[in-house]
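Data block below; observations after.
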Amino acid sequence: MSQKEIYEIGQVPPIGHVPKHMYAQVIRADRFGEPKHAFKVEKIAVPEIRADEVLVYVMAAGVNFNNVWAALGSPVDVIGARQKAKYDHSDFHIGGSDASGIVYATGHDVHNVKVGDRVVIHCGIWDRNAPSVRNGDDPMYDPSFKIWGYETNWGSFAQFARVQAHQCMPKASHLTWEEAAGPTLVGATAYRMLMGWSPHVVRRGDVVLIWGASGGLGCMAIQIVKAEG
Ligand SMILES: NC(=O)c1ccc[n+]([C@@H]2O[C@H](COP(=O)([O-])OP(=O)(O)OC[C@H]3O[C@@H](n4cnc5c(N)ncnc54)[C@H](OP(=O)(O)O)[C@@H]3O)[C@@H](O)[C@H]2O)c1
Numbered sequence: 025m026s027q028k029e030i031y032e033i034g035q036v037p038p039i040g041h042v043p044k045h046m047y048a049q050v051i052r053a054d055r056f057g058e059p060k061h062a063f064k065v066e067k068i069a070v071p072e073i074r075a076d077e078v079l080v081y082v083m084a085a086g087v088n089f090n091n092v093w094a095a096l097g098s099p100v101d102v103i104g105a106r107q108k109a110k111y112d113h114s115d116f117h118i119g120g121s122d123a124s125g126i127v128y129a130t131g132h133d134v135h136n137v138k139v140g141d142r143v144v145i146h147c148g149i150w151d152r153n154a155p156s157v158r159n160g161d162d163p164m165y166d167p168s169f170k171i172w173g174y175e176t177n178w179g180s181f182a183q184f185a186r187v188q189a190h191q192c193m194p195k196a197s198h199l200t201w202e203e204a205a206g207p208t209l210v211g212a213t214a215y216r217m218l219m220g221w222s223p224h225v226v227r228r229g230d231v232v233l234i235w236g237a238s239g240g241l242g243c244m245a246i247q248i249v250k251a252e253g
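Here the sequence shown is numbered in my numbering, starting from 25 and rising by one per residue.
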């Protein structure tokens, strides 16, 4: 069957059918500024995936402040920084560091997910061949660590996102696509702050002051400390 050119927004391709092009919310350097002007819907070629990567059809995306910084081009020009580091030469940025979606294609080294799986994406990217990663150390300390959809291109503000296979986690079936897309970045960040620095972690019975509890990190922090008693 020949590859379709593009699917209109909201028109879900048959599972596993990857078109040549996709629509994406794109930032370019000549539009850096207020997000409502910096983001424009453009037609972009669907990215090729590497051996350890997965192409996810995005059902819902989560918004983060990093998308605002990327749109402003400040404090970091994310497009220029990637080009300078020879990490990605694209002259545009597709942001978005939270998503829920469906696996549409997998690289030949991918064994944890298959086409058709419903997944939530976490935003940590690293080089699987980096010595410390191979050694089993925390990949967040490896120089290769990056936040997907901010420090990398091909985030969730597009019909398809390109992710490393380990970023795919099973989507809880009781959550809607939107509910599943929202909490991972802020939830993981809050969890690491509260629970990641043993022995300096929140324990049952502790009194906890959550500063900024109405925000993204804060409302996840409330739920984590409540769950911990
Ligand atoms: N989101 C992430 O994934 C992430 C990751 C790493 C670090 N961070 C950092 O974590 C912090 C929170 O991020 P967020 O995404 O949760 O932001 P957010 O959703 O905008 O929440 C910010 C919170 O701070 C409160 N706030 C603002 N100004 C305040 C002030 N002057 N005094 C007391 N509270 C104030 C806001 O209250 P109102 O609702 O009343 O305005 C809101 O509850 C930021 O410093 C961010 O850079 C975020």
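Glycine included, each C-beta is placed from N, C-alpha and C at the ideal position.
Residue i to residue j span [Cα, whole Å]
{"i": "Gly125", "j": "Pro207", "result": "14 Å"}
{"i": "Ala69", "j": "Val42", "result": "11 Å"}
{"i": "Gly253", "j": "Ala129", "result": "41 Å"}
{"i": "Ser180", "j": "Ala204", "result": "13 Å"}
{"i": "Gly86", "j": "Trp172", "result": "13 Å"}
Any non-hydrogen atom of ligand 1 closer than 6 Å to residue i Cβ
{"i": "Thr213", "result": "yes"}
{"i": "Gly240", "result": "yes"}
{"i": "Asn88", "result": "yes"}
{"i": "Val210", "result": "yes"}
{"i": "Gly120", "result": "no"}
Residue i in three-state terms, based on DSSP
{"i": "Ala95", "result": "helix"}
{"i": "Glu258", "result": "Within the shown structure, residues of the chain are numbered from 25 to 253, placing residue 258 beyond reach of any answer."}
{"i": "Tyr165", "result": "helix"}
{"i": "Val210", "result": "helix"}
{"i": "Ala62", "result": "helix"}
{"i": "Phe89", "result": "helix"}
{"i": "Lys28", "result": "coil"}
{"i": "Phe133", "result": "It should be pointed out that residue 133 corresponds to Asp in this sequence rather than to Phe. Coil at Asp133, not helix or strand."}
{"i": "Leu308", "result": "This structure leaves residue 308 out entirely; the chain is present only between 25 and 253."}
CB of residue i within 7 Å of CB of residue j, strictly
{"i": "Trp150", "j": "Asp166", "result": "yes"}
{"i": "Cys192", "j": "Val78", "result": "yes"}
{"i": "Val139", "j": "Val127", "result": "yes"}
{"i": "Asn153", "j": "Ala189", "result": "no"}
{"i": "Arg142", "j": "Lys60", "result": "no"}
{"i": "Lys44", "j": "Glu29", "result": "yes"}
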